[in-house]
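**Q** Numbering (this note's numbering), first residue to last: 35 to 294.
Built from N, CA and C at the ideal position, the CB exists for glycine as well.
Before I ask anything, here is the structure I am working with.
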C-alpha cells in the first residue's frame, strides 16, 4: 500500500511522489492532502461569499496565473507586499529604489482595468512604510502613495491606512484566502502590515468566516503571530497550493487517481 500525504511536494513529478504510484495497485492520499484539497478546492469552486483574496510577496510574475483565476471568483482582491510596488509604479507613483518588475508593468495596468470591468474591488496600498536602506535599524517613515518614496528609499511594508482598509475588507468577507506577506515581516519595523492582516483573519474566523493561508511565508507569519489555531486552514504547501489555485494538476495526486 502506498499513501502520499506530502502536500508540500505534490506539485513535483518526482519518483517518490508520482512515479511510485504507478507500480502499486493499492494507493491513496493521506488525511493531510485530503484536507488541503477540500479547503483549497472549496475556496475556488464554492466559497462562502463575499470572497476576498489577499496576495503579497515579492513578484507579480509569480502570481499572474493565480490572479487570473481568482479574478473570476473573488469580490475583493487585495495586493500588498513587494509586488504592490509594481502596481504603484503602474499607477504613476514614485517607488524610489523599491522592488520593481519592469516586465510586469503593462500586466499591472491591464489587471487594474480588468478588475474594474469584472466589478472586482481591487485594493492597492494608499500609504507605505519606507526606509533609507534594507536594514532593521534604518531610518523609516510613512508616506502616502501620492507622495511616493524618494529616490534611493525602499518601500518595505504597507502603511497604517492601507492596513486598516485591507483589514476591513477581511472582516466583511465570508471566505478569505491569503498568500504572501504585506512587507518584510522578518524585520520588526516592517512587520505591522503583515501581522495586522493575520489578526484580522483570526477575528474573521471567530465571526464565522472560512480563512485559508496559502502556505509559504504567510504560514510562517501566522505561526509567528501565534494565531494559527484561529485560522480555518493553514496550508503546508507554498508552491503546491499556488499551482492548485492556478487550476494545474498536481502530479503527486494525479498519479494516485490514475492508478485506480
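Taking only the alpha-carbon atoms, compute the straight-line gap between residue 284 and residue 45 and give it to the nearest angstrom.
**A** Spanning the two alpha carbons is a distance of roughly 5 Å.
**Q** What three-state label does DSSP hand residue 25 in the structure shown?
**A** This structure gives no information on residue 25, because the portion of the chain shown stretches from 35 to 294.
**Q** Helix, strand or coil: how does DSSP classify residue 58 here?
**A** coil
**Q** Would you give the residue range spanned by the beta strand (DSSP E) that residue 188 belongs to?
**A** For residue 188, the uninterrupted beta strand (DSSP E) segment begins and ends at 188-192.
**Q** Between the alpha carbons of residue 165 and residue 217, how many angstroms are there, rounded?
**A** 12 Å
**Q** Taking the straight line between their C-alpha atoms, what separation do you get for residue 278 and residue 238?
**A** 24 Å
**Q** Ignore the nearest five residues each way along the sequence and tell me which others in residue 116's own chain have a CB closer than 6 Å to its CB.
**A** 92, 133
**Q** Closer than 6 Å by C-beta to residue 58: which residues in its own chain qualify, once you throw out the five before and the five after it? Chain order, please.
**A** 36
**Q** State the DSSP-derived secondary structure class of residue 265, mapped to helix, strand or coil.
**A** coil
**Q** Reducing DSSP to helix, strand and coil, say where residue 171 ends up.
**A** For residue 171, the secondary structure class from DSSP, reduced to helix, strand or coil, is coil.
**Q** Suppose you measure from the CA of residue 194 to the CA of residue 162; what does that come to, to the nearest Å?
**A** 8 Å
**Q** What residue from 130, 245, 99, 214 has the CA that sits closest to residue 266's CA?
**A** 245
**Q** Which class does residue 313 belong to by DSSP, given the choice of helix, strand or coil?
**A** The displayed coordinates of the chain run from 35 to 294. Any statement about residue 313 would go beyond what the structure contains.
**Q** In the DSSP assignment, what are the bridge partners of residue 247?
**A** 212, 268
**Q** Put residue 36 into one of helix, strand or coil per three-state DSSP.
**A** strand
**Q** Is the CB-CB distance between residue 157 and residue 199 below 8 Å?
**A** yes
**Q** Which residues in the same chain have their Cβ closer than 7 Å to the Cβ of residue 235, if we skip the five residues on either side of it in sequence?
**A** 204, 210, 212, 245, 265
**Q** Just verifying my parser: in three-state terms, what is the DSSP assignment at residue 89?
**A** strand
**Q** Using beta-carbon positions only, say whether residue 84 and residue 207 come within less than 8 Å of one another.
**A** Judged by beta-carbon spacing, residue 207 lies within the 8 Å limit of residue 84, meaning their Cβ atoms are closer than that value.
**Q** So what does DSSP say about residue 144, is it helix, strand or coil?
**A** helix
**Q** Which value, in whole angstroms, describes the spacing of the CA atoms of residue 276 and residue 75?
**A** 12 Å
**Q** Going by Cα to Cα distance, which pick from 143, 49, 88 is closest to residue 21?
**A** Given a span of 35 to 294 for the chain in the structure shown, any question on residue 21 remains unanswerable.
**Q** Just list the residues that DSSP pairs residue 155 with in beta bridges.
**A** Note: residue 155 is bridge-paired with 110 in the DSSP secondary-structure output.
**Q** Pick helix, strand or coil for residue 218, following the three-state DSSP scheme.
**A** coil
**Q** Taking the alpha helix (DSSP H) that residue 286 belongs to, which residues open and close that run?
**A** 285-292
**Q** Would you check if there are 3 or more beta carbon pairs closer than 8 Å linking the stretch 120-132 to the stretch 176-183?
**A** yes
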